[in-house]
Structure formats: C-alpha cells, structure tokens
Amino acid sequence: MTVPLIVDVDTGIDDSLALLYLLATEEADILGIASTAGNVPVDQVAANNLAWLDLCRAGDVEVALGAQVPLVAPLMTTEDTHGPQGIGYAELPVSPRSLSPRDATTMWIELVRSHPGEITGLVTGPLTNLALAIRRDPELPRLLKRLVLMGGAFQHQGNTTPTSEWNIAVDPEAASEVFAAFSGLPAERHPIVCALDITETIEMTPEHVRRLAERAGSSPGEVISSSDTPGVRSTASNPIVRHFSDAVRFYMEFHRDHDQGFLAHMHDPFAAAVALDADIATYRHATVDVELIGTLTRGTTVADWRGMWGRDANVAIATHTDPEAFFDRLIDRVGALAARLYPAAQRAEFDSGIERVE
Numbered sequence: 001m002t003v004p005l006i007v008d009v010d011t012g013i014d015d016s017l018a019l020l021y022l023l024a025t026e027e028a029d030i031l032g033i034a035s036t037a038g039n040v041p042v043d044q045v046a047a048n049n050l051a052w053l054d055l056c057r058a059g060d061v062e063v064a065l066g067a068q069v070p071l072v073a074p075l076m077t078t079e080d081t082h083g084p085q086g087i088g089y090a091e092l093p094v095s096p097r098s099l100s101p102r103d104a105t106t107m108w109i110e111l112v113r114s115h116p117g118e119i120t121g122l123v124t125g126p127l128t129n130l131a132l133a134i135r136r137d138p139e140l141p142r143l144l145k146r147l148v149l150m151g152g153a154f155q156h157q158g159n160t161t162p163t164s165e166w167n168i169a170v171d172p173e174a175a176s177e178v179f180a181a182f183s184g185l186p187a188e189r190h191p192i193v194c195a196l197d198i199t200e201t202i203e204m205t206p207e208h209v210r211r212l213a214e215r216a217g218s219s220p221g222e223v224i225s226s227s228d229t230p231g232v233r234s235t236a237s238n239p240i241v242r243h244f245s246d247a248v249r250f251y252m253e254f255h256r257d258h259d260q261g262f263l264a265h266m267h268d269p270f271a272a273a274v275a276l277d278a279d280i281a282t283y284r285h286a287t288v289d290v291e292l293i294g295t296l297t298r299g300t301t302v303a304d305w306r307g308m309w310g311r312d313a314n315v316a317i318a319t320h321t322d323p324e325a326f327f328d329r330l331i332d333r334v335g336a337l338a339a340r341l342y343p344a345a346q347r348a349e350f351d352s353g354i355e356r357v358e
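In UniProt numbering, the protein residues as written are 1 to 358.
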C-alpha cells in the first residue's frame, strides 16, 4: 500500500536525506514537494529539490515555490549549518526540470482537496506554507489523513535559542496557527511531532555512511574520519553515495565544531520514516502551543502534559524509537536505490553534468 505525500521542506542537508529516503522507498508516493525558506532562501531550496530528483532519476514530481519569508519575522537562514547552497559539500548539476506553475500554498490546497482523507503531509521546515494554506482553506486539517512534522523541543534544550528548535524559531506564528488549526481532531488524526527530544537520538556516524556505500556497491570504501582535513571530498564511484557523503561530512564537521561529537543528527529523515510507518515510534498526546512574545523564550514549544490549560490535546509527540533499526532501514533503502540506479557501467553518465546548483 502506498502513502500519498505532500512534502514541505527547506532543503537543507537533513531535508535532502529525507527526500532520498522517500525516493528510495516504494511505498512513498510523493504528489508534490513544497519549497519554503528556512535553512537557505527559497529559490535555493527549490533548486536543491529539483537537483535531488534528478540524481535519483525520479519521475515527474511537482516542485512548487513557496513562502520567501515567514509570516511576521524577518527570515533567518543557516548556511553555517548546511553550507552555502544548503547541501553541505555536495555539488549537484543544475536541473533542467521546471518549477510548478502553482505556488506551494495553492498546491497544498488543491492536492488535499482532490484526495480528501488520503494524503499525509510531511513538513521538515518552517510551517509557513501550511499556515498560509490553512488561512485560505480552514478545512485543510480535517481533509488531511495526517500531518507529520519535524520541529520543537519539549524536555530538551533548543538548537536555535536555549529553548527553541530551528523550524519553529524561524516562523513561530506559523507554527502556532498550525497547532491551533488541528485542535478538535480525534487522537488518531493528531499531528505527529518529531521534536529534538527524539531526533537528537538519531545520530548518524561515519560507520553508517560506510555501510551505506557498501550496500550500494560503491568503491573505494567510503571512510569519513574526524581527522580528515575539513572539506575533503568523497571519491565514491556511485554518485548518490558521493553526494550523500559530501553533504553528511559537512554536517558532521558542524556538529563536531559545536561540541556535539563527530556525527550528524538525522532529524528530517526520521520524520520521513514516521510519515511512512508511524509504528516505528511511540507517542504521548499533549496540548502544544508556541510562545510568541517572550523576550527570552520566543519560538519555544510548550506542552501541557497534565491538561492545566483545560484544552484538549492537539498533537502526538514522538517519545521513543529504535535509532539503529531506523538506520538499518535507511542504509538498506538508499543503498539499494544507489546500486540500482548507478551500476558500475553507468556511473559516468551522471558525472557528465558539469554545471552545478547555484
């Protein structure tokens, strides 16, 4: 059984790997990709999305340009975390694909309206596009099958301010509007929130990259080491492995430079996996809102676990999972895709593209 998806991203290294995971999974039926500003500006996000589709030889997937700025706040981007183009050290050829003639907000509304009760929304960036869509069509939350989002921090320190997570901090007003719009739905329709509490347990290490390259049949062996000169590039024979590795290496260097170890948190690929199979995690329902005013706490997600606000629960927060079981899936699926698309005799074909994403 396939899972029809709208994927809303601010691509982004981990957003990129979420797309790879979905494109490598047969059950994932991506109806549209909405681009939003976040990790990098929206035009770069869209270019990255198109380029990853090319790399994965995907079919005709609609990619729509979305919000260029948050609802209220000025745009923050984070090239220091994700690289100048948002994809680390990876350099992908510019895609000849065209963007959708409709904007991301319109795409959200028209796709959901045409498939009522069928589509799972997956948002791994700021919630701006979805908030704008709900403003135009307040019934949208009830027409989705479910929403899965990566964002927030509850009993965990923030990664943007001491208490806030990046996706929520970029556009707190959008997040607050989306959470409010899903109030009143039955528990099985509550949006699933994959917050830092769980996504920072999903730690990709150089060993995971080595295993993925081995699964793909790439050569030579893919070795990423903390002792490498910063910025060294992969020489993997398989283009998917090479660009995957170059993106992840940048992310690992960032985490090391910020005292988190030589690893990369796979926030967005985990949310993608949840969107396809919610049973990989356990959940706790709560009422969630976003602080919009606090001088020190703006963008903080607050969970009322005990019902003190007297409001019904509106989200299901992912609390526990098996990280290594997730990585086994990712390695097997993306590695198999790489092996199938780029057998040794055909690997030079992709490398003939010399114009890079800019």
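Virtual Cβ for every residue (Gly too), placed ideally from N, Cα, C.
Taking just the CA atoms, how far does residue j sit from residue i?
{"i": "Val72", "j": "Ala47", "result": "25 Å"}
{"i": "Ile293", "j": "Thr163", "result": "14 Å"}
{"i": "Phe244", "j": "Ala216", "result": "12 Å"}
{"i": "Asp322", "j": "Tyr283", "result": "13 Å"}
{"i": "Gly335", "j": "Met76", "result": "34 Å"}
{"i": "Arg333", "j": "Asp54", "result": "18 Å"}
{"i": "Ser95", "j": "Val45", "result": "13 Å"}
{"i": "Thr78", "j": "Asn39", "result": "5 Å"}
{"i": "Thr160", "j": "Thr201", "result": "18 Å"}
{"i": "Gly66", "j": "Val315", "result": "25 Å"}
{"i": "Asp14", "j": "Met266", "result": "6 Å"}
{"i": "Asp328", "j": "Met204", "result": "11 Å"}
{"i": "Leu341", "j": "Ser218", "result": "12 Å"}
{"i": "Thr2", "j": "Pro116", "result": "15 Å"}
{"i": "Trp309", "j": "Ala286", "result": "11 Å"}
{"i": "residue 359", "j": "Pro343", "result": "Shown here, the chain extends from 1 to 358; a query on residue 359 therefore has no answer."}
{"i": "Ser114", "j": "Arg57", "result": "26 Å"}
{"i": "Thr25", "j": "Leu99", "result": "23 Å"}
{"i": "Arg97", "j": "Ala34", "result": "15 Å"}
{"i": "Asn167", "j": "Asp259", "result": "21 Å"}
{"i": "Thr106", "j": "Asp137", "result": "10 Å"}
{"i": "Asp304", "j": "His190", "result": "15 Å"}
{"i": "Met252", "j": "Arg311", "result": "41 Å"}
{"i": "Ile354", "j": "Pro239", "result": "Reliability of the predicted coordinates at Ile354 is poor, the pLDDT of 42 falling under 50, and the value obtained from them is presented with this limitation in mind. Using only the alpha carbons, I get a separation of about 13 Å."}
How about residue i and residue j: are their beta carbons less than 8 Å apart?
{"i": "Ala273", "j": "Tyr21", "result": "yes"}
{"i": "Thr81", "j": "Phe254", "result": "yes"}
{"i": "Ile331", "j": "Leu212", "result": "yes"}
{"i": "Ala18", "j": "Asp268", "result": "yes"}
{"i": "Ala181", "j": "Pro126", "result": "no"}
{"i": "His320", "j": "Ala281", "result": "yes"}
{"i": "Thr124", "j": "Val9", "result": "yes"}
{"i": "Val302", "j": "Val248", "result": "no"}
{"i": "Pro220", "j": "Thr235", "result": "yes"}
{"i": "Gly32", "j": "Leu111", "result": "yes"}
{"i": "Ala131", "j": "Trp108", "result": "no"}
{"i": "Phe270", "j": "Phe326", "result": "yes"}
{"i": "Thr36", "j": "Asn129", "result": "yes"}
{"i": "Leu92", "j": "Ala51", "result": "yes"}
{"i": "Asn153", "j": "Asp197", "result": "According to the sequence as given, residue 153 is Ala; it is not Asn. Result yes, Cβ atoms of Ala153 and Asp197 sit closer than 8 Å."}
On a Cα-Cα basis, can you pick out the residue from the options that is closest to residue i?
{"i": "Leu5", "options": "Leu149, Pro186, Val40, Gly38", "result": "Leu149"}
{"i": "Pro206", "options": "Asp8, Arg142, Asp197, Val241", "result": "Val241"}
{"i": "Gly121", "options": "Val7, Leu55, Thr321, Phe270", "result": "Val7"}
{"i": "Val290", "options": "Asp197, Arg298, Pro84", "result": "Arg298"}
{"i": "Glu118", "options": "Pro101, Thr128, Leu140", "result": "Leu140"}
{"i": "Leu144", "options": "Glu165, Leu185, Asn159, Ala174", "result": "Leu185"}
{"i": "Ala64", "options": "Val42, Pro74, Cys56, Pro70", "result": "Val42"}
{"i": "Phe179", "options": "Glu200, Leu53, Pro70, Leu147", "result": "Leu147"}
{"i": "Asp103", "options": "Leu337, Glu324, Ser95, Glu62", "result": "Glu62"}
{"i": "Glu177", "options": "Leu99, Gln157, Arg135", "result": "Arg135"}
{"i": "Leu296", "options": "Asp137, Gly158, Arg311, Pro116", "result": "Gly158"}
{"i": "Ala318", "options": "Asn238, Leu337, Ala195", "result": "Ala195"}
{"i": "Val170", "options": "Ala264, Pro74, Pro239", "result": "Pro74"}
{"i": "His156", "options": "Thr300, Val232, Pro138", "result": "Thr300"}
{"i": "Ala187", "options": "Ala28, Ala339, Glu324, Ala313", "result": "Ala313"}
{"i": "Ile192", "options": "Glu27, Ala275, Ser225", "result": "Ala275"}
{"i": "Val69", "options": "Pro172, Gly151, Asp137", "result": "Pro172"}
{"i": "Gly83", "options": "Gly231, Glu27, Ala339", "result": "Gly231"}
{"i": "Asn49", "options": "Met252, His190, Ser225, Gln85", "result": "Gln85"}
{"i": "Ser183", "options": "Arg142, Gly151, Glu214", "result": "Arg142"}
{"i": "Ala338", "options": "Arg306, Glu324, Val288, Ser237", "result": "Ser237"}
Which residue or residues does DSSP assign as beta-bridge partners of residue i?
{"i": "Gly121", "result": "Ile6, Leu147"}
{"i": "Ile30", "result": "Leu5"}
{"i": "Leu65", "result": "Ser35"}
{"i": "Met252", "result": "Answer by DSSP bridge pairing: none, since Met252 is not bridged."}
{"i": "Glu203", "result": "His265"}
Using a Cβ-based criterion (distance less than 7 Å to any ligand heavy atom), does residue i qualify as near the ligand NAD?
{"i": "Gly12", "result": "With respect to the ligand NAD, the structure offers nothing, as it holds no ligand at all."}
Runs of beta strand (DSSP E) wholly within the segment 166-199 (minimum 3 residues, chain order): 192-194
Where are the alpha helix (DSSP H) runs, 4 residues long or more, that stay fully inside the segment 279-321, in chain order? none
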